[in-house]
Amino acid sequence: MSVLGGCSAAFVSNQGLIATNYHCIEGSYLQFNSNAETDLFETGFVARKKEC
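Note that the sequence shown ends on residue 82 in this note's numbering; no numbers are left out.
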C-alpha cells in the first residue's frame, strides 16, 4: 500500500494493477489526458512497459 497525499492505493495484482478512490486521481495524468473520445477514468490506462 502507498499513501498519496491523504489518499491510499494498493496493488491488487502482480501485474501492477492499482486500486484507489476516484477523488485521489482527480487532477491527475488521467484527467488531463482524457477527452470526449478517450475517457481514461472509464477505460483505465496501461503503461507501455512495466518500468513506466
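Glycine included, C-beta positions come from ideal geometry on N, C-alpha and C.
Everything numeric in this text was worked out from a predicted model, so none of it was measured.
Same chain, Cβ closer than 8 Å to residue i, neighbours up to 5 away in sequence not counted
i, result
"His-53", "Cys-37"
Contact set for residue i: own chain, Cβ-Cβ below 7 Å, skip 5 residues either direction
i, result
"Asn-63", "Leu-70"
Sheet register partners of residue i (DSSP bridge)
i, result
"Ile-48", "Phe-41"
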